[in-house]
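Student:
Residue numbers (the UniProt record's numbering): 1 to 411.
The structure is reproduced here in structure tokens:
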């Protein structure tokens, strides 16, 4: 049935109503259209759509509520992602719930969601979170990416025809002034890294066994540039000789939040491994082997054993060492030690930059990415990144070449 609405809130629009049989029961479906022609097209579309439902409605349709279906999707997603990633998905659900309650749209249906809805959502988030910024990998970027994944799933299920979150959503939803430059890691120079290694080695040799753990970890990381969570769970038996050089063959990472191993490397299935950068400095290899002997002797004095095999076991935490879940040194202590040693070595961080373990990762990635003799594929495999992430996130122009280019320029 099609008829023009003559009074009330929707006066002037056209009402479309069909009464299909679903599960043996008559169901009333009403819609509104701006013109008679649109109403006629809509009536045909509805009849075709509900004809396919004569044996029962699917578990999800465009009349399903956004909040209910997204909640189900997030709960299902939790079965196939890490605890850290799951927290990100749950937070996106929390934000959606807050927004819908504030806008009084808790019952909004999937068919009523469009690009304007998420544009408004994005600006609502910025207005309600003063410290928030717009940039790749920020909360709003990740949250909108989660929603886009959800709607892609709905499109694959033929529930919807168009994804309300387009590609390049950040540039479409926000003006340039909303964007921030984001955090900038301190980029070490070669001279600074040499000074850092020298200071670390000096302090390591003068420290007690328990206090030397973080210093040894930092020495090793100046050659490997690992993610902090990978560095924490390096094991003695992972030190191998590969392609003529010593390196580590790693297959796990540490969850600082859960205080236990993740069981896999970042974004890799369980059992997947990778070889790290080769360590050509034999003195570092000797330090690791010598530390293994010293660590065992230290633990023997207290009747304890390193059952985890971690090199950088937290030797101050006797309770964890004697338990089934031994803890490595924390990321916080490693970052604090790095800052302290840099200060002792006379290294000052660049203006508006962050000095942390990731600074070493950026330094080594930049050396790899700027060396024409080394393929990007090799660098990515050893650092554990895709080529896109490696080049866009980690590779910076190293400070030496930047200075050389400035000196070469003449106009």
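Each residue gets a CB set at the ideal place from its N, CA and C atoms; glycine is no exception.
(1) Please go through the same chain and pick out, in chain order, the residues whose beta-carbon is closer than 8 Å to the beta-carbon of residue 352, but skip the five residues on each side of it.
(2) Would you mind sorting residue 242 into buried or exposed? The rule is 16 or more other CB atoms within 10 Å of its CB.
(3) Residue 108 and residue 95 - do their beta-carbons sit closer together than 8 Å?
(4) Determine whether the beta carbon atoms of residue 321 and residue 304 lie at a separation below 8 Å.
(5) Compute the Euclidean distance between the alpha carbons of residue 270 and residue 9, then round it to the nearest angstrom.
(6) Write down every uninterrupted run of the beta strand (DSSP E) in the stretch 221–251 whose length is 3 residues or greater and which is fully enclosed by it, in chain order.
(7) Considering just the uninterrupted stretch of the beta strand (DSSP E) at residue 4, what are its terminal residues?
(8) Can you tell me where the beta strand (DSSP E) with residue 108 in it begins and where it stops?
(9) Jot down the residue ranges of each uninterrupted beta strand (DSSP E) in the stretch 23–101, minimum 3 residues, whole runs only, in chain order.
(10) Between the C-alpha atoms of residue 140 and residue 330, what's the straight-line distance to the nearest angstrom?
(11) Counting pairs of beta carbons, one from the stretch 74–85 and one from the stretch 113–133, are three or more of them closer than 8 Å?
(12) Between the alpha carbons of residue 434 and residue 301, how many angstroms are there, rounded?
(13) Name the two residues that bound the continuous beta strand (DSSP E) containing residue 167.
(14) On the DSSP letters alone, give me the boundaries of the beta strand (DSSP E) that residue 201 sits inside.
(15) Look up residue 17 in the DSSP assignment and say whether it is helix, strand or coil.
(16) Hey, could you find the ends of the alpha helix (DSSP H) residue 127 is sitting in?
Tutor: For this structure:
(1) 184
(2) exposed
(3) no
(4) yes
(5) Straight-line spacing of the CA atoms in residue 270 and residue 9 works out to 58 Å.
(6) 239–242 and 245–250
(7) 2–4
(8) Counting along the chain, residue 108 falls outside any beta strand (DSSP E), and DSSP gives it neither H nor E.
(9) DSSP runs (the beta strand (DSSP E)) wholly in the stretch 23–101: 29–33.
(10) Taking the straight line joining both Cα atoms gives about 28 Å.
(11) no
(12) Residue coverage of the chain in this structure runs from 1 to 411, which leaves residue 434 outside it and unanswerable.
(13) No beta strand (DSSP E) holds residue 167; DSSP gives it neither H nor E.
(14) From DSSP, residue 201 is part of no beta strand (DSSP E) but of the alpha helix (DSSP H) over 190–206.
(15) DSSP places residue 17 in the strand class (E or B) of the three-state scheme.
(16) 115–128
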